[in-house]
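S.K.: Be aware that the sequence shown starts at 1, since it is given in my numbering, and climbs by one per residue. Attaching a single structure in structure tokens format; questions to follow.
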Amino acid sequence: MPRNKQDLNRADERVDELLSECQSPEAILGESSLLKQLTKRLVERALAGELNHHLKENSDSSDIRDSRNGHSSKTVQSEHGELELAIPRDRQSTFEPVLVPKHQRRLSGLDEKILALYARGMSTR
Numbered sequence: 001m002p003r004n005k006q007d008l009n010r011a012d013e014r015v016d017e018l019l020s021e022c023q024s025p026e027a028i029l030g031e032s033s034l035l036k037q038l039t040k041r042l043v044e045r046a047l048a049g050e051l052n053h054h055l056k057e058n059s060d061s062s063d064i065r066d067s068r069n070g071h072s073s074k075t076v077q078s079e080h081g082e083l084e085l086a087i088p089r090d091r092q093s094t095f096e097p098v099l100v101p102k103h104q105r106r107l108s109g110l111d112e113k114i115l116a117l118y119a120r121g122m123s124t125r
């Protein structure tokens, strides 16, 4: 998240740069659109942050060593159409994603879920 006005200006410049490459509304809102790609990347980064938090939390409180174990693919419905997500896994299978819970096929309330994760103390730093 932007911390100051300079970071906010850089973020705005990046968004403007991405939008300048879009030649039509379809490129922004269509089937393989910029908005869909950004949503996919955002969800995957948040899931990776969740796994980082899970692994760190478990390493501090447990004698059992857990580590990453690749990704599994999952197709979910969102406001922007179907998204093919790479869901991170852990070796002990104890990771339960909050953003996209197991067996859930609909991605709803994305903004509220991200705010809840930050309220619980998870960040991507």
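We put the beta carbon where it would ideally sit given N, CA and C, even for glycine.
State the Cα-Cα distance for the pair Val-76 and Arg-106, rounded to the nearest angstrom.
M.R.: Approximately 5 Å, taken between the alpha carbons.
S.K.: For Arg-142 and Arg-89, I'd like the C-alpha separation in whole angstroms.
M.R.: One cannot answer for residue 142 here, as it falls past the ends of the chain, which runs 1 to 125.
S.K.: Please list the segments of the beta strand (DSSP E) lying wholly inside the segment 9-90, counting only runs of 3 or more residues, in order along the chain.
M.R.: Runs found: 68-78, 81-90.
S.K.: Buried or exposed, going by whether 16 or more other CB atoms sit within 10 Å of the CB of Lys-5?
M.R.: Its Cβ having fewer than 16 others within 10 Å, Lys-5 is exposed.
S.K.: Going by DSSP, which residues form a beta bridge with Arg-106?
M.R.: Per DSSP, Gln-77.
S.K.: How about Leu-85 and Ser-73: do their beta carbons lie closer than 8 Å?
M.R.: A contact, by the Cβ cut-off of 8 Å.
S.K.: Ignore the nearest five residues each way along the sequence and tell me which others in Gln-92's own chain have a CB closer than 6 Å to its CB.
M.R.: The residues are Asp-66.
S.K.: Alpha carbon to alpha carbon, what distance is there between Ser-78 and Ser-24?
M.R.: Distance between the alpha carbons of Ser-24 and Ser-78: 22 Å.
S.K.: Under 8 Å Cβ to Cβ from Gly-130, same chain only, skipping five residues before and after it: list those, please.
M.R.: This structure gives no information on residue 130, because the portion of the chain shown stretches from 1 to 125.
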